[in-house]
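Chains as they are written, first to last, in full-length UniProt numbering: chain U, 1 to 265; chain X, 1 to 305.
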């Protein structure tokens with residue numbers, strides 16, 4: 001890690017991260033506010049009127065507790081798709097654009113190895129995602145505590161969010177590897193991004209209809225079982241660990257590729 | 001780093017094939033410590049490919065590229081401790097101001113003393129306060145030059161260093177190169193302009209279509225370089241008589257000739273005295289012409305861009 005580069009890139013990515021954080025804060029606030037422990041049937045009624053559509057976005061459970069309600073409406077879609085957008089913006093800023101515009105030549109014209117440069121860029125991504133995950137957890141707990149004191153199982157929430165972080169990091173690893181792999185800038189950005197989007201579509205299709213249930217088995221997103229994590233299931237914890245391990249492997253592969261490849265800069 | 005024996009920069013049999021004739025093919029030359037070495041060739045001849053190899057951006061298909069005995073690809077980070085580099089394409093971090101960029105680069109290079117950096121900013125009359133995106137090409141080039149020289153490196157690689165600079169700044173650049181040479185720096189500069197190479201370099205390599213045509217001492221090149229005179233006669237008849245008498249001259253336009261003159265300037269002027277001359281202009285041989293002259297038989301058949 002190079003502190004100078006880390007500080008510069010963290011600052012450069014702060015603005016877009018703040019926007020994503022603001023959007024997530026708005027959604028978290030809205031969803032938590034919509035929870036009504038006694039009369040909370042309106043959303044359920046809406047859900048029953050168009051079950052396939054809600055199921056596609058991962059909102060299919062009859063929510064009985066505040067945590068289940070949040071899991072149902074936040075974790076299937078909102079807390080993942082917005083983060084994917086942020087990850088793609090960061091992968092573009094931290095690697096794709098540097099190579100495409102040739103500015104990487106300046107970074108490499110310093111006594112810093114390619115491994116060090118790549119690890120610093122990964123460090124920025126991980127720092128932003130960890131910070132955002134902490135913020136999301138704080139917002140969820142904060143809103144819940146303010147509106148429904150004592151209703152939220154905070155420990156279960158933390159378990160779920162650690163799994164969520166593993167999922168984010170795995171997506172970031174995939175996008176960063178693709179950014180390091182290709183010299184064509186569109187391919188570098190959209191191979192990783194496209195795969196993530198494909199996984200989301202597969203998940204939506206498999207949740208909506210029984211016919212496509214088999215897609216679940218080939219989809220890495222299935223490893224993030226948030227209901228299982230809330231309950232502390234061993235298999236769900238295993239899935240989260242697998243995602244984290246995948247993230248480490250993908251980032252390591254990205255560094256190795258970046259260290260060895262030819263750079264036309 | 002311990003002092004190594006042998007040349008500062010050593011390229012042996014470097015081949016990097018990008019397909020369809022682009023790249024570098026079996027390029028070999030070396031640059032001695034404290035030498036200023038020019039690397040001349042037309043656009044797309046393989047100058048930048050060679051520079052990328054020296055910077056460790058790309059790995060040679062075959063051959064070896066070494067700086068101070070270190071492999072340029074495998075040990076690039078160590079080499080960078082003593083190296084200054086100006087990329088051929090000025091693509092700085094657009095969104096930064098010049099000041100912020102230079103400060104950032106100084107930190108990345110672990111440069112403690114900013115005296116030299118500020119000296120260079122003043123020397124090139126650079127106003128670094130603006131955003132790099134809004135700067136003209138010449139100003140961006142100045143930022144790159146300050147960046148390349150600010151650590152007072154032992155080895156300096158410059159890819160087309162004067163592109164975008166006005167004539168005053170071009171001569172300042174040449175002064176700077178000579179000053180750095182006196183300090184003992186080894187400098188490799190690539191160019192397609194003969195003038196900047198002529199005024200700075202001890203030796204020069206000609207590259208064309210990825211192949212090294214020759215490495216020459218600048219003094220020898222200067223000696224063999226001739227002038228081209230364009231002479232306009234009063235009428236076509238006089239021109240034709242002159243061409244008949246001087247087979248070296250080639251007819252141009254209605255009443256003009258172009259002729260290349262080496263050492264026998266006196267004979268050329270006296271030969272013209274018998275005719276009525278309307279106009280006479282002289283220019284230096286272009287790089288291409290000189291090149292053809294030096295290596296005519298081998299290179300004429302080659303791919304001419």
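Every residue, glycine too, gets a C-beta built ideally from N, C-alpha and C.
The structure presented is a predicted model; accordingly, all values stated were derived computationally and were not measured.
Rounded straight-line distance, which links the Cα of residue j to that of residue i
i, j, result
"residue 23 (chain U)", "residue 111 (chain U)", "40 Å"
"residue 54 (chain X)", "residue 22 (chain X)", "17 Å"
"residue 273 (chain X)", "residue 154 (chain X)", "55 Å"
"residue 33 (chain U)", "residue 75 (chain U)", "16 Å"
"residue 242 (chain U)", "residue 223 (chain U)", "7 Å"
"residue 99 (chain X)", "residue 156 (chain U)", "49 Å"
"residue 117 (chain U)", "residue 80 (chain X)", "14 Å"
"residue 271 (chain U)", "residue 178 (chain U)", "Here chain U has residues from 1 to 265 only, and residue 271 (chain U) is not among them."
"residue 254 (chain X)", "residue 241 (chain X)", "13 Å"
"residue 297 (chain X)", "residue 213 (chain X)", "Reliability fails at residue 297 (chain X), whose pLDDT of 44 lies under 50, so the model's placement of it is uncertain and no value is given."
"residue 277 (chain X)", "residue 172 (chain X)", "39 Å"
"residue 77 (chain U)", "residue 24 (chain X)", "51 Å"
"residue 200 (chain X)", "residue 206 (chain X)", "16 Å"
"residue 54 (chain U)", "residue 47 (chain U)", "6 Å"
"residue 196 (chain X)", "residue 170 (chain U)", "52 Å"
"residue 101 (chain U)", "residue 290 (chain X)", "35 Å"
"residue 52 (chain U)", "residue 205 (chain U)", "10 Å"
"residue 230 (chain U)", "residue 168 (chain U)", "18 Å"
"residue 15 (chain X)", "residue 213 (chain U)", "54 Å"
"residue 128 (chain U)", "residue 217 (chain U)", "30 Å"
"residue 302 (chain X)", "residue 194 (chain X)", "With a pLDDT of 39 at residue 302 (chain X), under the threshold of 50, the modelled position of that residue is not reliable, and the figure given next carries that caveat. Distance between the alpha carbons of residue 302 (chain X) and residue 194 (chain X) is about 21 Å."
"residue 108 (chain U)", "residue 72 (chain U)", "46 Å"
"residue 103 (chain X)", "residue 158 (chain U)", "41 Å"
"residue 246 (chain X)", "residue 29 (chain X)", "41 Å"
"residue 132 (chain X)", "residue 167 (chain X)", "22 Å"
"residue 99 (chain U)", "residue 126 (chain X)", "27 Å"
"residue 264 (chain U)", "residue 91 (chain X)", "13 Å"
"residue 10 (chain X)", "residue 235 (chain U)", "59 Å"
Chain-order list of residues whose beta-carbon lies under 6 Å from that of residue i (same chain, five-residue window excluded)
i, result
"residue 158 (chain X)", "86 and 189"
"residue 281 (chain X)", "230"
"residue 33 (chain X)", "8 and 186"
"residue 260 (chain X)", "226 and 228"
"residue 151 (chain U)", "66"
"residue 35 (chain U)", "66 and 69"
Own chain residues within Cβ distance below 7 Å of residue i, not counting five before or after
i, result
"residue 21 (chain U)", "132 and 135"
"residue 78 (chain X)", "70"
"residue 88 (chain U)", "175, 189 and 193"
"residue 144 (chain U)", "32, 66, 151 and 152"
"residue 151 (chain X)", "84, 109 and 111"
"residue 105 (chain X)", "147"
"residue 161 (chain X)", "86, 145, 173 and 189"
"residue 13 (chain U)", "90, 93, 124 and 128"
Where residue i falls: helix, strand or coil (DSSP)
i, result
"residue 251 (chain X)", "strand"
"residue 155 (chain X)", "strand"
"residue 20 (chain X)", "coil"
"residue 8 (chain U)", "helix"
"residue 142 (chain X)", "helix"
"residue 9 (chain X)", "strand"
"residue 95 (chain X)", "coil"
"residue 32 (chain X)", "coil"
"residue 234 (chain X)", "coil"
"residue 280 (chain X)", "strand"
"residue 181 (chain U)", "helix"
"residue 229 (chain X)", "strand"
"residue 84 (chain U)", "helix"
"residue 162 (chain X)", "coil"
"residue 302 (chain X)", "Only weak support is given to the placement of residue 302 (chain X): the predicted model assigns it a pLDDT of 39, under 50, and the value that follows is read from those uncertain coordinates. Of the three classes helix, strand and coil, the one that applies to residue 302 (chain X) here is coil, per DSSP."
"residue 44 (chain X)", "coil"
Close Cβ partners of residue i (< 8 Å) along its chain, the five nearest in sequence each way excluded
i, result
"residue 202 (chain X)", "35, 36, 37, 217 and 218"
"residue 15 (chain U)", "none"
"residue 191 (chain U)", "178, 181 and 182"
"residue 123 (chain U)", "1 and 6"
"residue 9 (chain U)", "93, 94, 120, 121 and 124"
Mind listing which residues of the segment 66-98 of chain U have their C-beta closer than 8 Å to chain X's C-betas, in chain order? none
Which residues, in chain order, does the segment 99-122 of chain X contribute to contact with chain U at a C-beta distance below 8 Å? 104, 105, 107, 108, 109 and 110
Determine which residues of the segment 109-123 of chain U have a Cβ less than 7 Å from any Cβ of chain X, and write them out in chain order. 109, 110, 111, 112 and 113
Could you please tell me which residues of the segment 39-69 of chain X, in chain order, have their CB closer than 9 Å to any CB of chain U? 52, 55, 56, 57, 58 and 59
Could you say if the segment 254-261 of chain U and the segment 115-130 of chain U meet the contact criterion of at least three C-beta pairs nearer than 8 Å? yes
Any chance the segment 98-118 of chain X sits against the segment 62-79 of chain X, with 3 or more Cβ pairs inside 8 Å? no
So if I threshold CB-CB distances at 9 Å, which residues from the segment 145-158 of chain U count as touching chain X? none
Contact between the segment 161-174 of chain U and the segment 233-250 of chain U is defined here as three or more beta-carbon pairs at a separation below 8 Å; is this criterion met? yes
Using Cβ-Cβ distances below 7 Å, what residues of the segment 155-182 of chain U are close to chain X? none
Tell me which residues of the segment 183-204 of chain U have at least one Cβ-Cβ distance to chain X shorter than 8 Å, keeping chain order. none
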